[in-house]
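If you count the sequence shown from 1, you need to add 1 to reach our numbering. By construction, the Cβ of each residue, glycine as well, lies at the ideal position given by its N, Cα and C atoms.
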Amino acid sequence: MIADEKRKLLTHKADVLKAIAHPARLCIISCLMRSEECNVSALQKELNLPQSTISQHMAKLKSQGVIEGERHGVEVVYHIVDESIYELLKHYLQDVFNLKESEEPMC
């Protein structure tokens, strides 16, 4: 019984890691880490990718519970909901994106 629960949990964690294992999705997460929340337009400007491409990547991250969106009027603002992913990537991406608490948001 416990082995099945562990297997399910490990499968879920592997699926989450697969969801973030793409350069564009890591950039999206980095933007959200630095500014806490962004809309697709801000991400599009930052990443220089088509809106449809960003939306596809956002859908993948949403499906695994990494991010979620909240409607603010006519726009949807996204933020990271999985605190463990935030903590993991804060350390992992620091050298790549030079993330520091005092830096201005990217988005």
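Do you know how far the Cα of residue j is from the Cα of residue i?
i	j	result
ILE30	GLU6	28 Å
VAL97	LYS61	22 Å
LEU27	LEU10	22 Å
LEU74	ALA4	Checking the displayed sequence, the identity of residue 74 turns out to be Gly instead of Leu. If you take the alpha carbons of GLY74 and ALA4, they lie about 46 Å apart.
GLN65	TYR87	14 Å
HIS92	ILE55	24 Å
GLU71	LEU50	22 Å
Would you mind sorting residue i into buried or exposed? The rule is 16 or more other CB atoms within 10 Å of its CB.
i	result
LEU44	buried
LEU90	buried
Which residues in the same chain have their Cβ closer than 7 Å to the Cβ of residue i, if we skip the five residues on either side of it in sequence?
i	result
GLN52	VAL41, GLN45
Near residue i, what residues of its chain come up, given a Cβ to Cβ distance below 8 Å and the 5 sequence neighbours on each side ignored?
i	result
GLU69	LYS63, TYR79, HIS80, VAL82
VAL67	VAL17, ALA20, ILE21, ILE30, ILE81, VAL82, ASP83, ILE86
In the DSSP output, what is residue i paired with across the bridge?
i	result
GLY70	TYR79
ASN40	VAL78
Using C-beta distances below 6 Å, list every residue in its chain close to residue i, excluding the 5 sequence neighbours before and after it, in chain order.
i	result
ALA25	HIS58
Pairing CB atoms from the stretch 70-78 with CB atoms from the stretch 36-45, are three or more of them under 8 Å?
yes
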